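Here is the structure:
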């Protein structure tokens, strides 16, 4: 059974949230918006190196539009990566602009190449959605990952999050003799804890990447979310527990094989301590963000009702029943962690 009900609506960015973004350097003027990229006049399917359709298509723009759009895209990249230092643009060119044909939001992906060393990078241009912005900001404040993004009106610019897509990692790396199984299992436990505490849903293997860092004779793993559409939208708690997605089973099975329940509890405790430390370190921002989120609409009333009941039962904590919005539910989840650790 699919855990996710159906495609969610895009929620507009409230004036409160716009104020928060402006206060924290996230709301900036940009030369190209989401709508500019919808003016393409041709598209061809994009295939990977094995000749498989990636479900992205490469877009072509009318000649007179293209120069303006590509110059604007390089400018955005300079804002995202170098605080708007336009001198970095000299060596860059836009290799292509792709659009994602699956999913409900039709995001654009821009591939930028450095002419000097052929290094390339990506960034994304999407419709601004309040859920996604809350998701990105909570990730920035409460996880070990720093998020770089810009919001301008109805346009959201996100930097590319590097790593091996979870589904590809499962296919290609799980049988690798060098795989450090216990470290991967430990990181997955920590990742599931982060998702559940801050209520980020839909974390199956297509929606996270795995960053591999060799360190002397060891290998470290970091699992990073790359999709924030399902930040506290759904009404069932299992959606916020990555261990319930069957796509993640190969990683979960390693954990079952190598870890005792006591070990799992220990790793969960460790991650909760780290989240509490991050909450303290960013308490000013977090307070301001929660104030916006509590008053915002980012889900439907039935989902709020159901989730608060399930969490009240899960934690044996009736305070969840007083929540009126999804922001209240997230705030209560963080408060509960802080009070009961």
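Numbering (our numbering), first residue to last: 28 to 368. Yeah, the Cβ is synthetic: ideal placement off N, Cα and C, and Gly gets one too. Because the structure is a prediction, the values reported are computed rather than measured.
Closest Cα partner of residue i within the set the options
i, options, result
"residue 54", "44, 61, 339 and 368", "44"
"residue 63", "226, 38 and 89", "89"
"residue 37", "60, 121, 132 and 282", "132"
"residue 7", "332, 365, 67 and 56", "Lying before the first or after the last residue shown, residue 7 is absent from the chain, which here runs from 28 to 368."
"residue 145", "135, 163, 161 and 122", "122"
"residue 171", "209, 249 and 35", "249"
"residue 39", "215, 180 and 109", "180"
"residue 200", "126, 84, 79 and 236", "236"
"residue 188", "182, 198, 163 and 330", "163"
"residue 352", "205, 253, 261 and 325", "325"
"residue 251", "135, 152 and 193", "193"
Distance cut-off 7 angstroms: residue i Cβ against heavy atoms of the ligand FMN
i, result
"residue 285", "Ligands in the displayed structure: none, and consequently the ligand FMN is not present."
Through-space distance from residue j to residue i, alpha-carbon basis
i, j, result
"residue 241", "residue 87", "40 angstroms"
"residue 337", "residue 191", "33 angstroms"
"residue 117", "residue 150", "18 angstroms"
"residue 357", "residue 70", "41 angstroms"
"residue 284", "residue 217", "17 angstroms"
"residue 28", "residue 223", "Residue confidence is low: residue 28 scores 42 on pLDDT, short of 50, so the model does not pin down where it sits. Its coordinate-derived value is still stated next. Cα to Cα, the separation comes out at about 20 angstroms."
"residue 239", "residue 339", "37 angstroms"
"residue 309", "residue 245", "31 angstroms"
"residue 158", "residue 298", "24 angstroms"
"residue 227", "residue 91", "42 angstroms"
"residue 233", "residue 269", "12 angstroms"
"residue 366", "residue 316", "20 angstroms"
"residue 278", "residue 286", "12 angstroms"
"residue 374", "residue 100", "Beyond the ends of the chain as shown, which are 28 and 368, falls residue 374; an answer cannot be given."
"residue 327", "residue 267", "17 angstroms"
"residue 391", "residue 75", "With the chain covering only 28 through 368, there is no way to say anything about residue 391."
"residue 209", "residue 196", "16 angstroms"
"residue 182", "residue 61", "5 angstroms"
"residue 318", "residue 306", "15 angstroms"
"residue 136", "residue 148", "10 angstroms"
"residue 394", "residue 104", "Residue 394 lies beyond the residue range present for the chain, which begins at 28 and ends at 368; the question has no answer from this structure."
Continuous beta strand (DSSP E) stretch holding residue i: start and end
i, result
"residue 127", "119-127"
"residue 153", "147-154"
"residue 186", "182-186"
"residue 247", "245-252"
"residue 235", "235-242"
"residue 178", "176-179"
"residue 137", "135-141"
"residue 74", "69-74"
"residue 87", "80-87"
Environment of residue i [buried if 16+ CB atoms lie within 10 Å]
i, result
"residue 203", "exposed"
"residue 82", "exposed"
"residue 289", "exposed"
"residue 258", "buried"
"residue 120", "exposed"
"residue 300", "exposed"
"residue 66", "exposed"
"residue 354", "buried"
"residue 26", "No statement about residue 26 is possible, as the shown extent of the chain runs from 28 to 368 and does not include it."
"residue 110", "exposed"
"residue 155", "buried"
"residue 198", "exposed"
"residue 275", "buried"
"residue 80", "exposed"
Rounded Cβ spacing between residue i and residue j (contact assumed at less than 8 angstroms)
i, j, result
"residue 166", "residue 255", "7 angstroms"
"residue 312", "residue 168", "6 angstroms"
"residue 19", "residue 329", "Outside the shown range of the chain, which is 28 to 368, sits residue 19, and nothing can be said about it."
Neighbour flag for residue i against chain B, beta carbons, 8 angstroms
i, result
"residue 236", "Any reference to chain B falls outside this structure, which holds one protein chain only."
First and last residue of the uninterrupted alpha helix (DSSP H) at residue i
i, result
"residue 169", "157-169"
"residue 304", "288-308"
"residue 221", "208-225"
"residue 366", "353-367"
"residue 343", "Premise fails: residue 343 is in no alpha helix (DSSP H) and is neither H nor E."
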